[in-house]
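Asker: My structure is below; once you've seen it, I'll send some questions.
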Amino acid sequence: MSAALDIRGLTKEYVPGKPVLRNLDLSIGAEGITAIIGPSGTGKSTLLRCINRLVEPTRGEIRLTGAGGAIDVAKLRGRALRLARRRIGMVFQEYNLVERLSVMENVLCGRLGYVPLWRAWLRKYPEEDIARAFALLDAVGLPEHATRRADALSGGQRQRVGIARALMQRPDLLLADEPTSSLDPRTSVEVLEMLTKLAAAEGVPVIINIHNVALAKRYAKRIVGMHEGAIIFDGPPESLQDDHLRRIYGGEDWL
Amino acid sequence: MSDAALPSPRRAPFAPDWAMRILGVLLIAYLIYASTQLDLGLGRFITGLGEGGRFLARMFPPNFERWELLLEGMLESIQIAVLATVLGIILSLPLGLMAARNLAPWWVSGPVRGFIAVCRSLHYVIVAILFVKALGFGALAGVAALTVASIGFVSKLFAEAVEEISMKQVEAVRSTGASGMAVLLLGVLPQVASRFVGFGLYQLDSNLRNSTLVGVVGAGGIGGTLFAAFKRFDYDFVSAILISIIALILLAELVSGRIRAAMR
């Protein structure tokens with residue numbers, strides 16, 4: 001199986017000498033869902049944000065392979081970085097839709113790395129982009145909501161739009177940072193169900209940060225456990241035992 | 256428990272604020288001193304009331320006979336106000352973005368904030384006098400002065416609005432691979448557009464009011480006509496001008512209020 005993402009020796013220090021990520025190695029296959037679990041503050045979000053360079057890594061390589069060729073994201077600057085970012089879709093905990101734009105405008109934001117500025121400004125997106133946006137809105141179950149303003153939607157609906165926006169990029173890799181942590185249990189399952197289905201249909205590998213271990217085991221084919229900026233468990237959901245969870249999250253009594 | 260009957264020393268629930276008390280006494284002392292220095296006694300006030308009565312009597316009825324002069328001045332004031340507002344807003348958009356400390360690096364936002372502060376620091380009438388000296392009498396000086404005032408007001412408030420936006424939305428747009436300009440256009444501006452329009456409308460209101468005054472110093476508009484009428488003691492014409500100005504301002508507030516309500 002070819003790797004979509006190959007991280008080597010990734011270190012991030014927000015404060016010099018205090019690494020949040022410690023010399024981390026991680027290889028992600030070309031398909032399927034990889035769930036990253038671990039306590040708050042252990043660097044899961046930082047890891048995801050290093051991959052699309054919303055956070056600057058201190059050291060290390062982040063090799064991305066896919067339809068757009070092979071690159072080391074950690075070394076890119078300027079336009080090359082933007083071209084790399086458009087190959088990496090991202091779904092956020094708080095959806096991060098542009099609230100005053102319509103649902104359709106938010107979904108088409110996923111094309112901003114591709115279309116020239118004037119097209120975005122005048123809302124003159126290419127026909128095939130608009131057709132795909134409508135198809136994605138149908139696929140995430142919001143066929144009637146294209147012209148509604150994003151701030152008029154419920155949390156679950158917003159996250160669906162967030163997923164459509166990320167897939168609109170036709171990404172080689174999808175990052176999801178706590179995509180269900182702001183949602184109720186039922187909506188969480190529905191959103192994960194849809195994310196899994198659509199990512200499989202598009203053939204995009206997904207890395208998902210998640211606090212809910214049960215959901216992680218249910219939807220991921222691989223679980224990565226982090227503790228204090230290092231990976232201490234990596235394997236299929238079946239092999240994740242209570243003992244691993246104790247080492248990942250610390251403590252005894254909560255299990 | 257036997258101690259309960261003993262009188263305990265009274266505990267002060269609040270600390271005395273001596274600094275505030277001294278400041279209060281000083282302020283009262285200064286007010287008395289200043290009013291005696293400026294001859295603000297009751298006698299002076301009563302004399303003034305008599306003068307005011309005569310003045311008001313001569314203002315009535317308002318005289319609209321020279322309506323052509325009045326209309327010409329009013330139209331020029333409106334033109335000055337609209338031109339200055341539009342120019343000011345166009346310049347404030349980039350300046351406000353560059354002054355926002357959450358988007359621009361400090362070596363850009365610092366100097367731009369300094370420039371905006373300079374635009375705000377001088378009263379627009381003083382700026383108008385400067386422009387009259389530099390550019391000559393007439394509406395050009397008025398437009399220039401009010402443009403400077405508009406930049407000072409709109410770009411400062413706009414920069415503050417930009418600093419309050421949600422950076423999460425901006426981050427999401429950036430993560431799609433959008434260019435810097437695209438991030439501004441689709442991540443930043445939608446969050447502040449309605450407030451920016453609100454500032455612009457408010458500034459148009461102010462500029463309509465201010466444009467009636469710059470004429471006094473020779474920078475064009477109805478102010479010049481008003482000042483001339485004062486100097487010739489044509490108080491009935493003065494009152495006609497004042498009524499026209501009040502009508503214009505009320506109309507402008509009505510219209511901009513409607514637009515603001517529709518923008519929400």
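If you're matching them up, the sequences are chains A and B in order. When we follow the numbering used here, the leftmost residue of the first sequence carries the number 1, and every step to the right adds one. When we follow the numbering used here, the leftmost residue of the second sequence carries the number 256, and every step to the right adds one. Idealized CB from N, CA, C, for every residue including glycine.
Pull up the DSSP beta-bridge partners for M226 of chain A, would you.
Answerer: Bridge partners of M226 of chain A: A:I231.
Asker: Does the segment 196 to 211 of chain A come within contact of the segment 25 to 39 of chain A, defined as at least 3 CB pairs closer than 8 Å?
Answerer: Yes: at least three Cβ pairs fall under 8 Å.
Asker: Say whether chain A places a C-beta atom closer than 8 Å to the C-beta of A267 of chain B.
Answerer: It does not; no Cβ of chain A falls within 8 Å.
Asker: Does L122 of chain A pass the burial test, meaning 16 or more other C-beta atoms within 10 Å, or should it be called exposed?
Answerer: Burial call: exposed.
Asker: Between A:I248, A:L215 and A:A199, which has its C-alpha nearest R165 of chain A's C-alpha?
Answerer: Nearest option by C-alpha distance: A:A199.
Asker: Got a sec: is the Cβ-Cβ distance from G69 of chain A to anything in chain B below 8 Å?
Answerer: False, the Cβ-Cβ gap to chain B never drops below 8 Å.
Asker: Can you say whether T340 of chain B is buried or exposed, counting buried as having 16 or more other CB atoms within 10 angstroms of its CB?
Answerer: Buried, by the Cβ-count rule.
Asker: Secondary structure at P19 of chain A, three-state DSSP: helix, strand or coil?
Answerer: Of the three classes helix, strand and coil, the one that applies to P19 of chain A here is strand, per DSSP.
Asker: Report the option in B:V471, B:L463 and B:F454 whose CA atom is closest to the CA atom of M518 of chain B.
Answerer: The shortest Cα separation from M518 of chain B among B:V471, B:L463 and B:F454 belongs to B:F454.
Asker: What's the C-alpha gap between L10 of chain A and T58 of chain A?
Answerer: C-alpha separation (whole angstroms): 8 Å.
Asker: Give a yes or no on whether 8 Å exceeds the smallest Cβ distance from G455 of chain B to chain A.
Answerer: It does not: the Cβ of G455 of chain B has no partner Cβ on chain A nearer than 8 Å.
Asker: Can you round the beta-carbon distance between V140 of chain A and M194 of chain A to whole angstroms, since I take them to be within the 8 Å contact cut?
Answerer: About 6 Å; that satisfies the 8 Å criterion.
Asker: Can you name the residues of chain A whose CB is closer than 9 Å to the CB of V428 of chain B?
Answerer: The contacting residues are N96, V98, C109 and L112.
Asker: State the DSSP-derived secondary structure class of I71 of chain A, mapped to helix, strand or coil.
Answerer: Three-state DSSP puts I71 of chain A in a strand.
Asker: Among B:S421, B:D460, B:L325 and B:L456, which residue has its Cα nearest to the Cα of G442 of chain B?
Answerer: Cα-wise, what sits closest to G442 of chain B is B:S421.
Asker: Going along chain B in order, which residues have a C-beta closer than 7 Å to the C-beta of A120 of chain A?
Answerer: Neighbours of A120 of chain A on chain B, chain order: A437, L440 and L441.
Asker: Looking at the structure shown, is M1 of chain A part of a helix, part of a strand, or coil, going by DSSP?
Answerer: Only weak support exists for where M1 of chain A lies, its pLDDT of 41 falling under 50; the value from the coordinates is given anyway. Here M1 of chain A sits in coil by DSSP.
Asker: Which residues mark the beginning and the end of the beta strand (DSSP E) in which L64 of chain A is found?
Answerer: R59 to L64 is the span of the beta strand (DSSP E), which, as asked, contains L64 of chain A.
Asker: Run through the segment 160 to 248 of chain A for me and flag every whole beta strand (DSSP E) of 3 or more residues, listed as ranges in chain order.
Answerer: The segment 160 to 248 of chain A contains these whole beta strand (DSSP E) runs: 173 to 177, 206 to 209, 222 to 227 and 230 to 235.
Asker: Less than 7 Å separating the Cβ of L324 of chain B from some heavy atom of the ligand COA?
Answerer: Of the ligands one can find in the structure shown there are none, so the ligand COA has no counterpart to examine.
Asker: Hey, could you find the ends of the beta strand (DSSP E) T147 of chain A is sitting in?
Answerer: Run containing T147 of chain A: none; DSSP gives neither H nor E here.
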